[in-house]
Amino acid sequence: MSNKVRMNRMFSERGKCFDVAIDHGFFNEHSFLSGIENMKQAVETIVRAGPDCVQLSAGQARLLQEIPGKRKPGLVLRTDAANIYGSALPSVLFSELIDRAAEQAVQLDAVAVCVNLLLLPGQPELHRQCVRNVMTLKTECERYGMPLMVEPLVMLPNEAKGGYMVDGDIRKIMPLVRQAVELGADIIKADPCDDVTEYHRVIEIASGVPVLVRGGGRAGDREIIGRTVELMKQGASGIVYGRNVIQHPNPAGMTAALMAVVHEGASAEEALAILERGDVR
Numbered sequence: 696m697s698n699k700v701r702m703n704r705m706f707s708e709r710g711k712c713f714d715v716a717i718d719h720g721f722f723n724e725h726s727f728l729s730g731i732e733n734m735k736q737a738v739e740t741i742v743r744a745g746p747d748c749v750q751l752s753a754g755q756a757r758l759l760q761e762i763p764g765k766r767k768p769g770l771v772l773r774t775d776a777a778n779i780y781g782s783a784l785p786s787v788l789f790s791e792l793i794d795r796a797a798e799q800a801v802q803l804d805a806v807a808v809c810v811n812l813l814l815l816p817g818q819p820e821l822h823r824q825c826v827r828n829v830m831t832l833k834t835e836c837e838r839y840g841m842p843l844m845v846e847p848l849v850m851l852p853n854e855a856k857g858g859y860m861v862d863g864d865i866r867k868i869m870p871l872v873r874q875a876v877e878l879g880a881d882i883i884k885a886d887p888c889d890d891v892t893e894y895h896r897v898i899e900i901a902s903g904v905p906v907l908v909r910g911g912g913r914a915g916d917r918e919i920i921g922r923t924v925e926l927m928k929q930g931a932s933g934i935v936y937g938r939n940v941i942q943h944p945n946p947a948g949m950t951a952a953l954m955a956v957v958h959e960g961a962s963a964e965e966a967l968a969i970l971e972r973g974d975v976r
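Residues in the sequence shown are numbered consecutively from 696, following our numbering.
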């Protein structure tokens, strides 16, 4: 089966997608649990807001897939657990795939699977492990017609700004995005660069593979919406935001505002007005 069948459930007719990531509990970090302590409530809130996809682990996917009815977001299945997110890195780093990831994704009726391609300073073995994970998953995904979303993440040294901080250097982001494409990614989930007006270079380097931009840590409403507007102008196919939605005081309103930007080309002011009104699709 062609993976295009499932990608058609993920992307709009115009090739746009908003995926809300609620998989943060997978990573054994206390700070990541903010806003998702009650996962059933968190998932139901986001589902009512109507994004295109929700990103979950295998253990929590049932909270989405057990919701009755035909109109609900597609499931993007997170397939790897890593231990690189704390303020201090452990002595041994890992990124481990779940067992038979693509098969589990089919059983859960997922529209795609997501896997990291991590690049941390001075950690070549971790990068090697991630490359191996992507290659293993690619073979499985081809067998089952499951789209493969690869998440190339370039991180700063922990001593620079603390744990799990993005390096926005476009010269580092571009080659890692290209490596993900060369390894067989069907979808790229990448960080924004420091100057988002340069992001068209990342889109170009992805060679036609759709690029969804990752949200990262919490930012102010005007900052995150304004950045999203510019990234869509630069050619992004959409966004994958987690903490900027689930940790927001009004997750449904933020989802509605960002959906307007991604799918309708709303301006920053229009999207902020939607957020202030608390609109939900």
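From the three backbone atoms N, C-alpha and C, an ideal C-beta is built for every residue, glycine too.
Next item on the list: Note down the Cα distance separating K867 from G912, rounded to an integer number of angstroms.
Entry: Translated into the one-based positions of the sequence shown, residue 867 becomes position 172. Translated into the one-based positions of the sequence shown, residue 912 becomes position 217. Cα to Cα, K867 sits roughly 19 Å from G912.
Next item on the list: Starting from the C-beta of D718, find all residues in its chain whose C-beta is less than 7 Å away, skip the five residues before and the five after it, and write them out in chain order.
Entry: By one-based count along the sequence shown, residue 718 stands at place 23. Taken in chain order, the residues that qualify are Q750, L751, S752, R773.
Note to self: Please identify the residue among V787, Y780, K735 whose C-alpha is closest to the C-alpha of V849.
What the structure shows: As a working mapping, residue 849 is identified with position 154 in the sequence shown. Of the listed residues, the one whose Cα sits closest to V849 is Y780.
Next item on the list: Whole angstroms is fine: what's the gap from V742's alpha carbon to V771's?
Entry: One-based indexing of the sequence shown puts residue 742 at position 47. One-based indexing of the sequence shown puts residue 771 at position 76. In a straight line, the C-alpha of V742 is about 13 Å away from that of V771.
Checklist line | Identity of the residues DSSP links to A805 by a beta bridge | finding: If you number the sequence shown from 1, residue 805 lands on position 110. A805 is bridged to L770.
Item checked: Segment contact flag, the segment 947–967 with the segment 923–931, C-beta cutoff 8 Å, min 3 pairs -> yes
Next item on the list: Determine the extent of the alpha helix (DSSP H) in which K735 is found, giving its start and end residues.
Entry: Within the sequence shown, numbered from 1, the residue matching residue 735 stands at position 40. Note, K735: alpha helix (DSSP H), 734–744.
Next item on the list: Classify C888 as helix, strand or coil using the three-state DSSP reduction.
Entry: Start at 1 with the first residue of the sequence shown, and residue 888 comes out as number 193. Looking at C888 - three-state DSSP - the assignment turns out to be coil, as it is neither helix nor strand.
Checklist line | Buried or exposed (CB count within 10 angstroms, at least 16 for buried), Q824 | finding: Locating residue 824 in the sequence shown gives position 129, where the first residue counts as 1. Buried: at least 16 other Cβ atoms inside 10 Å.
Note to self: For E724 and R827, I'd like the C-alpha separation in whole angstroms.
What the structure shows: Here residue 724 refers to the residue found at position 29 when the sequence shown is read from its first residue. Here residue 827 refers to the residue found at position 132 when the sequence shown is read from its first residue. Their Cα atoms are separated by approximately 25 Å.
Notebook entry, point to check: What's the gap between the Cα of R976 and the Cα of S902?
Noted result: In the sequence shown, counting from the first residue as 1, residue 976 sits at position 281. In the sequence shown, counting from the first residue as 1, residue 902 sits at position 207. Residue placement at R976 cannot be trusted, given a pLDDT of 48 that sits under 50; what the coordinates show is reported in the next sentence. About 33 Å.
Check: Going by DSSP, which residues form a beta bridge with Y936?
Finding: Against the sequence shown, residue 936 aligns to sequence position 241. For Y936, which the question treats as bridged, DSSP gives the partners V715.
Next item on the list: Just tell me which of L871, N853, F722, E739 has its CA closest to the CA of T950.
Entry: The residue labelled residue 950 in the question sits at position 255 within the sequence shown. The shortest Cα separation from T950 among L871, N853, F722, E739 belongs to E739.
Check: For Q874, does the three-state DSSP call read helix, strand or coil?
Finding: The residue given as residue 874 occupies position 179 in the sequence shown. In this structure, Q874 counts as helix in the three-state DSSP scheme.
Next item on the list: Could you check how far apart the C-beta atoms of N811 and D775 are, in whole angstroms? I think they sit under 8 Å.
Entry: Within the sequence shown, numbered from 1, the residue matching residue 811 stands at position 116. Within the sequence shown, numbered from 1, the residue matching residue 775 stands at position 80. Confirmed, about 5 Å.
Notebook entry, point to check: So what does DSSP say about I920, is it helix, strand or coil?
Noted result: Position 225 of the sequence shown, counting from 1, holds the residue named residue 920. Helix at I920.
Checklist line | Contact set for V872: own chain, Cβ-Cβ below 7 Å, skip 5 residues either direction | finding: Along the sequence shown, one-based indexing puts residue 872 at 177. Excluding sequence neighbours, V872 sits near P847, I883, A885, V897, I900, A901.
Item checked: Reduced DSSP secondary structure (H/G/I, E/B, other) of E791 -> For the purposes of this step, residue 791 is taken as the residue at position 96 of the sequence shown. E791 falls in the strand class under three-state DSSP.
Check: Is it the case that the Cβ atoms of L851 and P816 are separated by a distance below 9 Å?
Finding: Along the sequence shown, one-based indexing puts residue 851 at 156. Along the sequence shown, one-based indexing puts residue 816 at 121. Yes, Cβ-Cβ distance for L851 and P816 is below 9 Å.
Check: How many Å lie between K767 and V935 at the Cα?
Finding: Here residue 767 refers to the residue found at position 72 when the sequence shown is read from its first residue. Here residue 935 refers to the residue found at position 240 when the sequence shown is read from its first residue. Approximately 17 Å between the Cα atoms of the pair.
Checklist line | Option nearest L792 by Cα separation, candidates Q755, I762, M830 | finding: Here residue 792 corresponds to residue number 97 of the sequence shown, with the count starting at 1. Closest option to L792, Cα to Cα, is M830.
Check: Roughly how many whole angstroms lie between the Cα atoms of P944 and V924?
Finding: Residue mapping note: residue 944 aligns to position 249 of the sequence shown, counting from 1. Residue mapping note: residue 924 aligns to position 229 of the sequence shown, counting from 1. Rounded to whole angstroms, P944 to V924 spans 21 Å at the Cα level.
Next item on the list: Closer than 8 Å by C-beta to I920: which residues in its own chain qualify, once you throw out the five before and the five after it? Chain order, please.
Entry: Along the sequence shown, one-based indexing puts residue 920 at 225. Hits under 8 Å: A952, L953, V956, A963, A966, L967, L970.
Notebook entry, point to check: Grouping DSSP H, G and I as helix and E and B as strand, with all else coil, what is E846?
Noted result: One-based indexing of the sequence shown puts residue 846 at position 151. DSSP places E846 in strand when its eight states are reduced to three.
Checklist line | Delimiting residues of the alpha helix (DSSP H) encompassing R913 | finding: As a position in the sequence shown, residue 913 is number 218, starting the count at 1. Premise fails: R913 is in no alpha helix (DSSP H) and is neither H nor E.
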